[in-house]
């Protein structure tokens, strides 16, 4: 398991190489949601997403012999480019397995950091199998996207920053894919603020964590269809699930139209470019699926890596 000491150690390990991202208030969201709302802008993080935190913590936790072998992972995009960046920073070889449907912007970013990108199917199990084959045949070290203690601890540093500025928010709304950010946030909240409820936000077609919590065990869902391409694992990670089951207050589901509306709101009202996966917390507030009733909320905007053409389409749709 992972605890607050691991998260604090991760922050020391990261040093000044990740941004302390801003925590911005939103008057318009507050009026809609019924309480003060703060946006934790991980869309402004290194590599454009919170994933830089976990990836760099994992890379800097490797032994000398592991570093010499190089690293690999399986990712729809954000973790892949974060690991590519972390490996470049530390001078390591990186091989990233992405789906054939990966957004071009994320592929180009990983390559721009010097990683080798290989494509493997359209689902997480296909990418994972290809990466595991590379581990077996090329000696690479696996750095998983979410089901790893080093990753969870690194992601938890995001909420650690929040609590230093805003000690007792009523709610924290966290996007959920494989669960690394959700689990890290939930364990930090449990240790730092008993009054804070952490809610995981999922697309209604990609509800692996919601189903796992209902079943009391990790479950596998059918390949989901959603514009939130970073929230599409077929199952929550075993470690994130165990932490979520202990510390998460619950989950909330949003649909693609609500996510589009959130992306538009953030671009037009807050002047922030946020990818669909990063906008699900705002979607939960705009849709009324989460009402604050005078309490405060922190919404983690987990990433900003959206293709310009797709963003233009979303913005045009709302006109």
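In my numbering, the protein residues as written are 272 to 590.
Cβ atoms here follow ideal geometry from the backbone N, Cα and C, with glycine treated the same way.
Here the structure is a predicted model, which means the values were calculated and not measured.
In three-state DSSP terms, what is residue i?
i	result
residue 558	coil
residue 345	strand
residue 422	helix
residue 472	strand
residue 369	strand
residue 492	coil
residue 387	strand
residue 574	strand
residue 506	coil
residue 378	helix
residue 330	helix
residue 249	Because residue 249 is not part of the residues shown, which for the chain are 272 to 590, the question remains open.
residue 335	helix
residue 513	helix
residue 588	helix
Per DSSP, which one or two residues make a beta bridge with residue i?
i	result
residue 322	For residue 322, which the question treats as bridged, DSSP gives no partner whatsoever.
residue 417	For residue 417, which the question treats as bridged, DSSP gives no partner whatsoever.
residue 521	470
residue 445	471
residue 310	295 and 570
residue 551	None; residue 551 has no bridge partner.
Less than 8 Å between the CB atoms is what I'm expecting for residue i and residue j, so what's the real figure, rounded?
i	j	result
residue 566	residue 441	3 Å
residue 506	residue 490	7 Å
residue 586	residue 538	6 Å
Could you compute how far the alpha carbon of residue i sits from the alpha carbon of residue j?
i	j	result
residue 217	residue 436	The structure shown has nothing for residue 217, since the chain only spans 272 to 590.
residue 516	residue 474	19 Å
residue 317	residue 559	31 Å
residue 348	residue 289	18 Å
residue 324	residue 359	15 Å
residue 541	residue 296	10 Å
residue 523	residue 561	8 Å
residue 498	residue 394	15 Å
residue 527	residue 502	12 Å
residue 300	residue 291	23 Å
residue 431	residue 461	11 Å
Kindly examine the ligand COA and report whether one of its heavy atoms sits closer than 6 Å to the Cβ of residue i.
i	result
residue 368	Absence of the ligand COA is noted for the structure shown, with no ligands found whatsoever.
Touch test, the stretch 507-518 against the stretch 412-420, Cβ-Cβ under 8 Å, three pairs minimum: A contact exists between the stretch 507-518 and the stretch 412-420.
Sufficient close CB pairs (3 or more, under 8 Å) joining the stretch 354-370 to the stretch 551-571: Not touching, per the Cβ criterion.
Inter-stretch contact (C-beta, 8 Å, three-pair minimum) for the stretch 397-408 and the stretch 366-378: With a cut-off of 8 Å, the stretch 366-378 and the stretch 397-408 count as touching, because enough Cβ pairs lie within range.
Segment contact flag, the stretch 325-343 with the stretch 583-590, C-beta cutoff 8 Å, min 3 pairs: No, they do not touch.
At least three beta-carbon pairs within less than 8 Å, the stretch 561-575 to the stretch 333-347: The stretch 561-575 makes no contact with the stretch 333-347, as fewer than three CB pairs between them are under 8 Å.
The stretch 448-460 in contact with the stretch 305-312 per 3-pair CB rule at 8 Å: The answer is no - the stretch 305-312 does not touch the stretch 448-460, with fewer than three Cβ pairs under 8 Å.
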